[in-house]
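Enquirer: Let me begin by handing over the structure; questions about it come next.
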Amino acid sequence: MSDAIKAATLEYATRLGDDSVVLGHRISEWVSYGPFLEEDIAYGNVALDYIGRARMFYTYAAELANDGRTEDDFAYMRSDREYRNLLLMEMPKGDFAYSQVRQLFADVYYSLVLPELLKSKDETLSAIAAKGIKETKYHLRRSRDWVLRLGDGTEESHKRTQKAVDALWGYTHELFDMDETEQLLADAGIGVDVSKLHSAWHKQVSDILTEATLNVPDDGWAVRGGRTGYHTENLGHMLTEMQIVHRSHPGCQW
Amino acid sequence: MNEISLMPEEQYRRLQQRNAAEVKELWDLLDQVKDPEVPVLSIWDLGILRDVERDGDRIVVTITPTYSGCPAMNTITDDVIAALKTHGYDDVEVKTRLSPAWSSEWMSSSGRRKLRNYGVAPPEDADLDEDGLTPDAHALCPHCGSRNTRRISEFGSTACKALFQCNDCNEPFDYFKKI
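Right, here's the structure in full:
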């Protein structure tokens, strides 16, 4: 592996780990607040899948960095400006409709990205993708069912779900942006060219929203910045809570 | 009832690997290590024990996670080390291998029986739906054997299980998902 490719792969693994840990943490905020017991358990399980995926990406990043850092250093010892996650993942949990709409957007995204990542020439990235693909099928079935039920539900649930779609839509464009690092890896057959997945994502999501009697928003505005470390204020608050125990007791073992 | 069991290809290969292993006694010894969340199943039964090798004095054990977020992996690692240590093997390394991804096909046939006796329906006790996912009804109830059951939740007590309820005996039960 050349130095340039190695550095890019380290950055890439960190980005994918950041996406997973931030979304996983957001979902975990629903634990003990789910609308009913089974749903509470389901959401906790989905959170675990994402946090587990983050661990695998961070473990690989630490291995590539080879500077004594561990997966925990990546998760707990970096500030918001050092995080490279997509903004969509850090948006607060909001109400249940808001969380399920974000989940649908993310699940459709991963159902497209992971099969591509599976083809990666990098064995570790491909192996992580292989595990994620099966899990994502279950995640997507659940978020799709919820969005259909809420969108095509009561007047109140419809109103809230449409509001969530409108509020989150502007954060989805960033999911399909490429930069120099990701282009280098895509050209080398290691990373995914996400720009090629946008139309498929748009079609799948639009079909589900339409079936749920929801309007597909216009692409009028877009927010970007996650991949360069420019985040919304939400991430700082989230990391404060996520990192406080680790930072208060550095090196603690039990 | 006599049953002619058809062994999935993956299971057959695992069994061959185990029987041909140089350190067969270590594989046998690791049968003591159970999954902390399904304590009737050994890590062999579950299919997460991938390899056992001896490298000089060092024993290298390779395991694979069932799900990305399986919280049992750390405990299993500790249990493997402890089990080998009590038998005098002090130099043990436990490696995690991600590829190929774990499949419920790898579960041993005795594991499937143990699971059913424990009150959890094994993967083959339900026909998958058209998307290849857990169906919304008709998993075989491990308590009374009825097919008149319904899914209550896609995700059960752990990520690897879904929750069902039997309409005949009314008991809820876990179904070990096929992935």
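Note that the protein sequences, when read in sequence, are chains A and P.
Sequential numbering of the first sequence, starting at 51, is according to this note's numbering.
Sequential numbering of the second sequence, starting at 6, is according to this note's numbering.
Cβ atoms here follow ideal geometry from the backbone N, Cα and C, with glycine treated the same way.
These numbers come from a predicted model, not from an experiment.
(1) What does E173(A) touch in chain P if you count any residue whose Cβ is under 7 Å from its own?
(2) Going along the chain, which residues of the region 57–87 of chain P sit with their C-beta nearer than 8 Å to a C-beta in chain A?
(3) Might you give, ordered along the chain, the residues of its own chain that have their beta carbon closer than 7 Å to the beta carbon of C165(P), omitting 5 neighbours on each side?
(4) Distance, Cα to Cα, A111(A) vs E61(A)?
(5) Judging by CA-CA distance, which residue of M12(P), R152(P) and V66(P) is the nearest neighbour of D96(P)?
(6) If you run the structure through DSSP and keep just helix, strand and coil, what is Y108(A)?
(7) Residues in its own chain within less than 7 Å of E79(A) by CB, not counting five upstream and five downstream?
(8) Report the CB separation of L174(P) from S151(P) in whole angstroms; it is logged as a contact under 8 Å.
(9) By a C-beta neighbour count over all protein chains shown, 10 Å radius and 16 as the cutoff for buried, is R18(P) buried or exposed?
(10) Using a Cβ-Cβ distance under 8 Å, would F181(P) count as near chain A?
(11) Any beta carbon from chain A within less than 8 Å of D136(P)'s own beta carbon?
(12) Which residues of the region 28–55 of chain P have a Cβ closer than 9 Å to any Cβ of chain A? Give them in chain order.
(13) Run down chain A in chain order and give the residues with a C-beta less than 9 Å from the C-beta of A126(P).
(14) Please confirm whether L133(P) has its beta-carbon closer than 8 Å to some beta-carbon of chain A.
(15) Does DSSP classify Q150(A) as helix, strand or coil?
(16) For a contact meaning CB atoms closer than 9 Å, what does K169(A) contact in chain P?
(17) Is any beta-carbon of chain A found at less than 8 Å from that of A164(P)?
(18) Quick one: give me the first and last residue of the beta strand (DSSP E) that I157(P) is part of.
(19) Which same chain residues, not among the five before or five after L235(A), have their C-beta less than 6 Å away from its C-beta?
(20) Are the region 278–296 of chain A and the region 122–141 of chain A touching, with three or more C-beta to C-beta distances below 8 Å?
(21) Kindly indicate which three-state DSSP category Y180(P) falls into: helix, strand or coil?
(22) From which residue to which residue does the beta strand (DSSP E) around D56(P) run?
(23) CA-CA distance, P44(P) and R118(P)?
(24) Examine the Cβ distances between the region 253–270 of chain A and the region 201–214 of chain A and report whether three or more of them are shorter than 8 Å.
(25) Check whether the region 44–56 of chain P and the region 107–126 of chain P are in contact - that is, three or more C-beta pairs closer than 8 Å.
(26) Does DSSP put K100(P) in a helix, a strand or coil?
(27) Please check the pair Y148(A) and D68(A), which I expect to be a contact at CB under 8 Å, by giving their CB distance rounded to whole angstroms.
(28) Determine which residues of the region 150–169 of chain A have a Cβ less than 7 Å from any Cβ of chain P, and write them out in chain order.
(29) Compile a chain-ordered list of the residues in the region 110–142 of chain A whose CB is closer than 9 Å to at least one CB of chain P.
(30) Assuming L145(P) contacts A167(P) under a Cβ cut-off of 8 Å, what Cβ separation, rounded to an integer in Å, is found between them?
(31) So which of Q212(A), K181(A) and D269(A) has the shortest CA-CA distance to H223(A)?
(32) What in chain A is Cβ-close to E159(P), meaning under 8 Å?
(33) Between the beta-carbon of E42(P) and the beta-carbon of A77(P), is there less than 8 Å?
(34) Check each candidate in R103(A), M51(A), A54(A) and S52(A) and name the one with the smallest Cα separation from H75(A).
(35) Cβ closer than 8 Å: which chain P residues qualify as neighbours of D99(A)?
(36) Going along chain P, which residues have a C-beta under 9 Å from R103(A)?
Expert: Looking at the coordinates:
(1) Simply S104.
(2) If the cut-off is 8 Å between Cβ atoms, the region 57–87 of chain P has P70, Y72, S73, G74, C75 and P76 near chain A.
(3) Cβ neighbours of C165(P) within its own chain (closer than 7 Å, five residues either side excluded): T71, Y72, F181 and K182.
(4) When the Cα atoms are used, A111(A) and E61(A) turn out to be separated by approximately 8 Å.
(5) Among M12(P), R152(P) and V66(P), the Cα nearest to that of D96(P) belongs to V66(P).
(6) Assignment of Y108(A) by DSSP, reduced to helix, strand and coil, places it in the helix class.
(7) Cβ neighbours of E79(A) within its own chain (closer than 7 Å, five residues either side excluded): K143.
(8) The question names Leu, yet the displayed sequence has Cys at residue 174(P). Between C174(P) and S151(P), the beta carbon gap of about 7 Å places them in contact (Cβ cut-off 8 Å).
(9) So R18(P) ends up on the exposed side.
(10) The beta carbon of F181(P) sits no closer than 8 Å to any beta carbon of chain A.
(11) So yes, D136(P) belongs to the interface.
(12) Residues passing the 9 Å Cβ filter: none.
(13) Within chain A, no residue has its beta carbon less than 9 Å from that of A126(P); the closest one is some 17 Å off.
(14) By this cut-off, L133(P) is not an interface position.
(15) Shown here, Q150(A) sits in a helix according to DSSP, grouped into three states.
(16) Within chain P, no C-beta atom comes nearer than 9 Å to that of K169(A); the closest sits roughly 13 Å away.
(17) Judged by the 8 Å Cβ criterion, A164(P) is in contact with chain A.
(18) Element bounds for I157(P): T154 to S158.
(19) Hits under 6 Å: A58, Y62 and G241.
(20) Touching, yes, given that three or more Cβ pairs across the two stretches are closer than 8 Å.
(21) Strand at Y180(P).
(22) Start and end: L54 to D60.
(23) Between the C-alpha atoms of P44(P) and R118(P) there is a straight-line separation of about 14 Å.
(24) Taking 8 Å as the limit for Cβ pairs, the verdict is that the region 201–214 of chain A does touch the region 253–270 of chain A.
(25) The region 44–56 of chain P, when compared against the region 107–126 of chain P, does touch it at the 8 Å Cβ threshold.
(26) DSSP places K100(P) in strand when its eight states are reduced to three.
(27) Contact flag wrong, Cβ pair sits at about 21 Å.
(28) Within the region 150–169 of chain A, no residue qualifies.
(29) Listed in sequence order: no entries.
(30) Approximately 13 Å separates the beta-carbon atoms of L145(P) and A167(P); this is outside 8 Å, ruling out the contact.
(31) The shortest C-alpha to C-alpha distance from H223(A) to any of Q212(A), K181(A) and D269(A) is the one to D269(A).
(32) Here the neighbours are A92, Y188, R191 and R192.
(33) Contact: yes.
(34) The residue with the shortest Cα to Cα distance from H75(A) is R103(A).
(35) Result: Y72, S73, G74 and A164.
(36) Here the neighbours are S73 and G74.
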